[in-house]
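Residue numbers (our numbering): 19 to 318.
See the structure below:
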C-alpha cells in the first residue's frame with residue numbers, strides 16, 4: 019500500500035487532539051494534555067524538555083505536571099512508552115513464524131487501504147459500536163450514538179495530514195486504524211475492529227500495514243504505540259510487545275503541589291506512585307535516543 023503521510027507540527031497535532039475531545043493547553047511554547055483533573059503531561063509524551071524553560075499550565079500548578087528530561091539527575095520518576103524502533107528496517111520476514119502466519123492469514127481475508135472520504139469512515143459506525151460494547155472503553159463512548167460518531171468522523175477529515183486506514187472484506191469495512199506523523203515518529207493511537215475480524219487477525223494486519231508505512235516514509239524512525247499501561251490494562255500492551263515493540267523508559271520529573279502530595283501520600287499512595295512512574299534507571303528499560311525538543315523542530 020502506497021500513501022504519503024506529511025509531518026504535523028505540534029500545533030497541528032494539538033488542534034487535531036482538541037477536535038477529538040482531548041483537553042490541550044499551550045504554556046511556555048509547549049502543548050500540554052490534561053491526563054486527569056489538575057495533572058498534565060506534554061501532548062507528545064516522549065518530548066524531552068529543558069527544566070529551566072518549562073512553564074506548566076496554570077491549572078497544573080495546583081495539581082501536578084510531568085515531563086521527560088534529558089538529564090537523569092533531574093528525574094524523580096519515569097515515563098514509559100511503547101515504541102517500535104528502527105522503523106526503516108521493518109519487514110514481515112523479520113517477524114517470528116506465528117506473527118507472519120497471522121498477517122498472511124488476514125491478508126487472505128482483508129484488503130487495507132486509506133479512507134479518503136468521510137462517508138467511508140461513517141460506514142464504520144457499527145464497527146465502533148461493537149468495539150465499545152465489547153471493551154467498555156469509556157473515553158468518548160458517546161460516539162456509539164450515530165450523530166456523535168458522525169461529528170467525530172467529520173472532524174477527523176478536517177485534518178488533512180491525519181491518515182485513516184480501513185480493512186475491508188467482501189461485506190464491507192471491518193476495522194479502522196488512524197495514524198499521525200510528528201517529526202520522526204508515527205503515532206498509532208486509534209484502532210477498532212469487529213469481533214469476527216479480530217478472530218481473523220485483522221489487528222496484526224493493520225499493525226503490519228502501519229509499520230510498512232513507517233518503513234516507506236523518509237525521515238520516520240519509530241512508531242509510537244502509546245504509553246505503557248498499568249493495572250488491568252497492562253495486558254493490552256502484550257499485543258505490541260509480542261510483535262517487536264520495546265518499552266522505552268525516559269527519565270522524567272514530576273512536580274506535585276505540596277498539599278496534593280500530602281493528600282496522596284496519606285490517602286492514595288498508589289495513585290502518587292502511578293503519577294511519578296517507576297524510579298528511573300538505565301537498566302529499567304530501553305532508553306530512547308530523544309534528547310531533543312520536538313516543539314522546537316529539532317530532530318534526533
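Cβ atoms here follow ideal geometry from the backbone N, Cα and C, with glycine treated the same way. Remember, it's a predicted structure, so these values are computed and weren't measured experimentally.
Spatial neighbours of residue i in its chain, beta-carbon cut-off 6 Å, leaving aside the 5 residues before and after
i	result
residue 294	95 and 272
residue 73	45 and 46
residue 304	Residue placement at residue 304 is flagged as unreliable, the pLDDT there being 45, under the threshold of 50; the coordinate-derived value follows with that caveat. 264 and 266.
residue 41	52
residue 158	39
residue 252	none
CA-to-CA distance, residue j to residue i, given in whole angstroms
i	j	result
residue 189	residue 93	52 Å
residue 56	residue 147	31 Å
residue 187	residue 121	15 Å
residue 285	residue 199	40 Å
residue 32	residue 196	16 Å
residue 228	residue 216	17 Å
residue 78	residue 58	6 Å
residue 30	residue 242	18 Å
residue 43	residue 25	21 Å
residue 71	residue 274	18 Å
residue 129	residue 142	15 Å
residue 162	residue 205	24 Å
residue 145	residue 111	30 Å
residue 178	residue 283	45 Å
residue 166	residue 89	44 Å
residue 150	residue 68	39 Å
residue 219	residue 153	17 Å
residue 114	residue 103	17 Å
residue 100	residue 207	11 Å
residue 287	residue 255	24 Å
residue 244	residue 209	12 Å
residue 48	residue 116	42 Å
residue 306	residue 239	Residue placement at residue 306 cannot be trusted, given a pLDDT of 39 that sits under 50; what the coordinates show is reported in the next sentence. Roughly 12 Å separates the two Cα atoms.
residue 60	residue 289	19 Å
residue 257	residue 109	18 Å
residue 259	residue 131	25 Å
Beta-carbon contacts of residue i that lie in its chain and below 8 Å, excluding the five residues immediately before and after
i	result
residue 139	133, 171, 174, 175, 182, 184 and 194
residue 296	95, 96, 98, 267 and 302
residue 214	192
residue 107	233
residue 35	42, 51 and 61
Best match in the options for proximity to residue i [C-alpha to C-alpha]
i	options	result
residue 127	201, 191 and 103	191
residue 237	220, 201 and 247	201
residue 86	270, 141 and 51	270
residue 211	205, 177 and 225	225
residue 281	80, 214 and 150	80
residue 37	259, 169 and 274	169
residue 23	245, 39 and 231	231
residue 203	289, 105 and 149	105
residue 124	257, 222 and 258	222
residue 51	69, 68 and 76	76
residue 278	143, 90, 60 and 83	83
residue 136	107, 180, 103 and 119	180
residue 119	48, 233, 261 and 239	261
residue 298	91, 54, 253 and 34	91
Close beta carbons around residue i, own chain, < 7 Å, minus the five adjacent residues each side
i	result
residue 312	Unreliable placement is indicated for residue 312, whose pLDDT of 37 sits below 50; no coordinate value is reported for it.
residue 314	Residue confidence is low: residue 314 scores 33 on pLDDT, short of 50, so the model does not pin down where it sits. Its coordinate-derived value is still stated next. Closer than 7 Å at Cβ, skipping near neighbours: no residue.
residue 292	248
residue 164	143
residue 160	166
residue 246	98, 99, 100, 255 and 265
residue 54	none
Residue i CB to nearest heavy atom of the ligand ATP below 7 Å
i	result
residue 212	Looking for the ligand ATP in the displayed structure turns up nothing, as the structure carries no ligands at all.
Interface flag, residue i vs chain B, CB-CB below 8 Å
i	result
residue 41	Of the protein chains in this structure there is only one, and it is not chain B.
For the region 225-260, which segments carrying the alpha helix (DSSP H) assignment without a break, of at least 4 residues, lie completely within its bounds, in sequence order?
Correct list: 255-259.
What are the start and end residues of each continuous alpha helix (DSSP H) run of 4 or more residues lying completely inside the region 132-167, in chain order?
Segments of the alpha helix (DSSP H) lying fully in the region 132-167: 136-140 and 143-153.
If you scan the region 58-129 from start to end, which runs of the alpha helix (DSSP H) of 4 or more residues do you find wholly inside it?
The alpha helix (DSSP H) runs lying completely inside the region 58-129 and spanning 4 residues or more are 115-127, given in chain order.
Could you give the uninterrupted runs of the alpha helix (DSSP H) lying entirely in the region 195-223, keeping only those of 4 residues or more?
Runs of the alpha helix (DSSP H) inside the region 195-223: 213-217.
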